[in-house]
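FYI, the numbering for the sequence shown is 6 to 344, going by our numbering. Written below as structure tokens is the structure these notes are about.
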Amino acid sequence: MADLLNTFFVNYTWNIAIIHIIAAIVLFFIVNWIGAHSVSIGYIQLSIMAKEDTAPAFNFLFRALSPIVFLVLFIVVVQSIGHHELVQHSYLIVLYYWLFRTTVVLIIGRKRLTNWGLHLACWIVSLFLSVWIYLLVDKVDKLLPDPRSLLDQMWILIIMFIYSAFNKIELSTKRSVKREKRYIDYQYNKFKTKYGSLISDNCSNEFYEAVTYSIMIYENFNRPKVIRWIEYFCFWITKHPHTLGIMQVMSDKRIDDQDSITKAIVIIKEATLKYKDEEQTKEEATKSKYYSPLYSTVYHIAGIYNSDNEEYKFEIGEIFSDLEHRYKNIEIDYNKIKQ
6 MADLLNTFFV
16 NYTWNIAIIH
26 IIAAIVLFFI
36 VNWIGAHSVS
46 IGYIQLSIMA
56 KEDTAPAFNF
66 LFRALSPIVF
76 LVLFIVVVQS
86 IGHHELVQHS
96 YLIVLYYWLF
106 RTTVVLIIGR
116 KRLTNWGLHL
126 ACWIVSLFLS
136 VWIYLLVDKV
146 DKLLPDPRSL
156 LDQMWILIIM
166 FIYSAFNKIE
176 LSTKRSVKRE
186 KRYIDYQYNK
196 FKTKYGSLIS
206 DNCSNEFYEA
216 VTYSIMIYEN
226 FNRPKVIRWI
236 EYFCFWITKH
246 PHTLGIMQVM
256 SDKRIDDQDS
266 ITKAIVIIKE
276 ATLKYKDEEQ
286 TKEEATKSKY
296 YSPLYSTVYH
306 IAGIYNSDNE
316 EYKFEIGEIF
326 SDLEHRYKNI
336 EIDYNKIKQ
């Protein structure tokens, strides 16, 4: 086996491998940054709640071909600066990229939300194309095209037409909804087991409990434990106030997850009591997508909790609607509500 690997990875040194791994990690952050700034043209970011995929062709090709475009540019750059040795087995950059992306998904706890069929399909297409391009590059001295090769633009037009046609297909969100409901149920049961006693002891009604779990599930999704460790480290270094704990509460002192839950419940209670005026509730409900005092109150609490961020309010409201069926007496009586 060792002889086979040595034969297959001939001239592939540790120095080259390290540079390829670094390039793969850089690729990961570049793809994430471009994707985050491509929402307006149909890119679907991973979210707790299901979103309609209005550009399936774009989303698939973006995920599958981004590593290939990066690989081509990487080869062009290293050839231009005279480091042809870095072209050796450069297709492995794509493999490292997908291994790193998969590892990140598993570490931050998003495996239950990930469409593994699509993930695997993108992985296979990327690896196949990377090997194919590498074999083509291995036969030429330079990857940059010559003028004559540009006559193939007719095929580019055909490919663009096919892409545009497939991009008009709208895919069903049923599977995404099922994955996200399973994720919310799993997280709720996990947090209920771990923090249920603490939450019930500090909440005077089921509404407070449901809102607390809704915010907890969302905050844990955005700031998984690994990221929270980094936040604690930054807090330890800078000594400046940070959002800490599973509930991401701003604090100038070190607090653990339990402390953050206790502080978050106080914020939730205060926000609810400020919003108990029925006429204000009705007025706010007409401004939001929630057309009941209950959901309008959740919308209002989420706005106070996270600087009136519209997407945040929407996500918390959607999670709350999934958790609502677990409680029997979740309706709010503003005349009897207690802090």
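Cβ coordinates follow ideal geometry from the N, Cα and C atoms, glycine included.
Tell me where the beta strand (DSSP E) around residue i begins and ends.
| i | result |
| --- | --- |
| T248 | H247 to L249 |
| S326 | Counting along the chain, S326 falls outside any beta strand (DSSP E), though it belongs to the alpha helix (DSSP H) covering E315 to L328. |
How far does the alpha helix (DSSP H) with residue i in it reach, from first residue to last?
| i | result |
| --- | --- |
| S95 | Premise fails: S95 is in no alpha helix (DSSP H) and is neither H nor E. |
| S265 | D262 to K279 |
| S135 | W121 to V142 |
| R233 | K230 to T243 |
| T302 | P298 to Y310 |
Just verifying my parser: in three-state terms, what is the DSSP assignment at residue i?
| i | result |
| --- | --- |
| M378 | In the structure displayed, the chain extends from 6 to 344; residue 378 sits before or after that span and is not available. |
| S256 | strand |
| N194 | helix |
| K116 | coil |
| K333 | coil |
| I204 | helix |
| Y17 | coil |
| I86 | coil |
| N227 | helix |
| S71 | helix |
| N64 | helix |
| N210 | coil |
| A22 | helix |
Drop a sphere of 10 angstroms on the beta-carbon of residue i, count the other beta-carbons inside from all chains shown, and report buried for 16 or more, exposed for fewer.
| i | result |
| --- | --- |
| I260 | buried |
| S209 | exposed |
| I129 | exposed |
| H89 | exposed |
| A290 | At A290, the pLDDT of 46 sits below 50, so the modelled position is not reliable and the matter cannot be decided from this model. |
| D327 | buried |
| R187 | exposed |
| Y101 | buried |
| E315 | exposed |
| I232 | exposed |
| W38 | exposed |
| T277 | buried |
| G122 | exposed |
| I21 | buried |
| E214 | buried |
| T198 | exposed |
| M255 | exposed |
| P246 | exposed |
| R68 | buried |
| W234 | exposed |
| V182 | exposed |
| Y332 | exposed |
| R349 | As shown, the chain starts at 6 and ends at 344. That puts residue 349 outside it, with no answer to give. |
| V82 | exposed |
| I23 | exposed |
| F240 | buried |
| F238 | exposed |
Practice task
Would you be able to state if there are at least three C-beta pairs under 8 Å between the region 66-80 and the region 25-37?
Solution key: Yes: the two stretches touch, three or more of their Cβ pairs being nearer than 8 Å.
Problem - contact_flag[the region 215-230, the region 187-207] where n(CB pairs < 8 Å) is 3 or more - result: Yes: the two stretches touch, three or more of their Cβ pairs being nearer than 8 Å.
Exercise for the section: Assess, as a yes-or-no matter, whether the region 121-135 is touched by the region 99-112 under the definition of 3 or more beta carbon pairs within less than 8 Å. Expected result: The region 99-112 is in contact with the region 121-135.
Problem - Touching by the beta-carbon criterion (3+ pairs, under 8 Å), the region 268-283 and the region 307-321 - result: Short answer: they touch.
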